[in-house]
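Using my numbering, read the sequence shown as starting at 1 and increasing by one per residue.
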Amino acid sequence: MPKIYQRLLCFSEEPNVGRGFIKEQSFSADGRLIASPHGSGVRLLAFSSDFRELCDCDDLACLAKNSRAPSRPKISKLVPTGVTLNPDSSKIVLCTKFSPTHLLLASGCLGGNVSFHQPVL
């Protein structure tokens, strides 16, 4: 019988606004930031406070070195970057997408508006 390993590494609690709609998170091109729709704005999250990649976070390492079996990683919360972007709309933000080449973020809201952001960290 195959072993079932814990796969959840990080999480973030989100408010339940815009019920019935799927909200889409987005990873930045370098994989260090996550944009998350948060009410009528966009919240930027990271795996660590110094913006390291997931594979470089010691407390989140999935595989123990020199071990055949995966270790059980500690489940931790994503770190808010302190940056919250609020588009010019009071409507609920449903999706966020990063540019594949630049630190440019687009967000779309329930009212049909699309906003572009260049976050400064």
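Beta carbons: idealized from backbone N, C-alpha and C, even for Gly.
Take the alpha-carbon of G111 and the one of I92: they are about 8 Å apart. In this structure, the alpha-carbon of G31 lies about 21 Å from that of S115. In the displayed model, P80 falls within a strand according to three-state DSSP. About 6 Å separates the beta carbons of L44 and P119, which is inside the 8 Å limit, making them a contact pair. In this structure, DSSP gives T96 an extended state, which the three-state scheme calls strand.
In terms of CA proximity to R52, I34 leads the group C95, A106, N86 and I34. L94 is positioned such that its CB atom lies closer than 8 Å to that of C109.
Exclusion of the five residues before and after S49 leaves V79 as the residues of its chain whose Cβ lies within less than 6 Å of its Cβ.
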